[in-house]
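> Read in numbering that gives the first Met the number 0, the sequence shown has 51 at position 52, and its numbers run on one by one without any break.
A virtual CB, placed ideally from N, CA and C, is assigned to each residue, including glycine.
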Amino acid sequence: MSSPQLPLGLRFPSPRRFDNFVVGDNANTLALLKRLPDDHELTGGFLHGPEGSGKTHLQSALVGSHPGALYLPLAMLGNSAELALAAAAEATLICVDQIDAIAGQRGLEIALFNLFNQARERGHPLLLAARRSPTQIGLLLPDLVSRLSSLVQCPLQPLSDALRRQVVAARAQQRGFGLSEAVLEFLFRRFPRDLGAMLDLVDQLDQKSLAEHRRITVPFVRDVIESRKTR
Numbered sequence: 000m001s002s003p004q005l006p007l008g009l010r011f012p013s014p015r016r017f018d019n020f021v022v023g024d025n026a027n028t029l030a031l032l033k034r035l036p037d038d039h040e041l042t043g044g045f046l047h048g049p050e051g052s053g054k055t056h057l058q059s060a061l062v063g064s065h066p067g068a069l070y071l072p073l074a075m076l077g078n079s080a081e082l083a084l085a086a087a088a089e090a091t092l093i094c095v096d097q098i099d100a101i102a103g104q105r106g107l108e109i110a111l112f113n114l115f116n117q118a119r120e121r122g123h124p125l126l127l128a129a130r131r132s133p134t135q136i137g138l139l140l141p142d143l144v145s146r147l148s149s150l151v152q153c154p155l156q157p158l159s160d161a162l163r164r165q166v167v168a169a170r171a172q173q174r175g176f177g178l179s180e181a182v183l184e185f186l187f188r189r190f191p192r193d194l195g196a197m198l199d200l201v202d203q204l205d206q207k208s209l210a211e212h213r214r215i216t217v218p219f220v221r222d223v224i225e226s227r228k229t230r
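1. Would DSSP call Ile93 helix, strand or coil?
2. Counting C-beta neighbours from all protein chains within 10 Å, is the total for Lys207 16 or more, i.e. buried, or is it exposed?
3. Please classify Pro218: does DSSP put it in a helix, a strand, or coil?
4. What ranges does the beta strand (DSSP E) occupy inside the segment 23-99, keeping only unbroken runs of at least 3 residues that lie completely in it?
5. For the segment 46-61 against the segment 15-35, do three or more pairs of beta-carbon atoms, one drawn from each stretch, fall closer than 8 Å, so that the two count as touching?
6. Please determine, among Gly43, Val166 and Gly53, the residue with the shortest C-alpha to C-alpha distance to Leu126.
7. Could you tell me whether the Cβ atoms of Ala102 and Thr55 are closer together than 9 Å?
8. Is it buried or exposed for Val217, if we count other Cβ within 10 angstroms and need 16 for buried?
9. Is it the case that the segment 77-91 contacts the segment 100-117, given that we only count it when at least three CB pairs across the two stretches are under 8 Å?
10. Should Leu198 and Gly23 be called a contact, given that it needs their Cβ atoms to be closer than 9 Å?
11. Between Phe185, Gln156 and Gln135, which has its C-alpha nearest Ala26's C-alpha?
12. On the three-state DSSP scale, how would you describe Ala102?
13. So, for Leu186: in the same chain, excluding its five sequence neighbours on each side, which residues have a beta-carbon less than 6 Å away from its beta-carbon?
14. Can you tell me the Cα-Cα spacing of Ala30 and His212, whole angstroms?
15. In the DSSP output, what is Leu127 paired with across the bridge?
16. For a test of the three-state rule: what should DSSP assign to Pro154, helix, strand or coil?
17. Ordered along the chain, which non-local residues of its own chain (more than five positions away) have a Cβ less than 7 Å from that of Leu73?
18. Quick one: Cα of Arg188 to Cα of Pro36, how far?
19. Grab me the residues of Thr134's own chain with a C-beta within less than 8 Å of its C-beta, minus the 5 sequence neighbours each way, in chain order.
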């Protein structure tokens, strides 16, 4: 049995930008983030909201629009996280995602505390993000909770079902294909609240459909989901 062909690089996801962020009830937060690099009265912000609410999108958009900015996804950095935090103060704008991933790890909390202080001393703005506010993510260090709470708090409101559907359809269009109503209905039955999981799946559907030369139908989507379970 032949293995699937590697897809040719014909489709690329759109970069995460401010102009392709679906705003919903988050207009004030979006306006504040656009001001962050140049407004010297803003020392930083703390984004918090559920999975798939747009935290990573907004941080990526900010980094992409500001030369010299740095993005650190702590959960993905693993054993490199402490070293990355120690070196990050050199960046002129620092975005640290997934703060909740280091909650309860004293060494990493100290590294983040030190980064906060160094960034403040140098006048480099910070944008941090977690699923919940600083007082609700289980941090050990009271001084770190205090520092993070001093940032402008930017809660992200979940999108309505109609807007979430718009986001998923737009991701597919950005990658160069469309999703039928039947496929969208299937996705929203399988992942009723996890927008991030749906967007990841859309990206995988694109790659798999190109590799296997298959149309994106409900049976194909079901096959891809089942194959993810067996990995």
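In brief:
1. strand
2. buried
3. helix
4. 43-47, 68-72 and 92-96
5. yes
6. Gly43
7. no
8. exposed
9. yes
10. no
11. Gln156
12. coil
13. Met197
14. 42 Å
15. Phe45 and Val95
16. strand
17. Ala80, Val95, Asp96, Gln97, Ile98, Ala100 and Ile101
18. 40 Å
19. Val144 and Ser148
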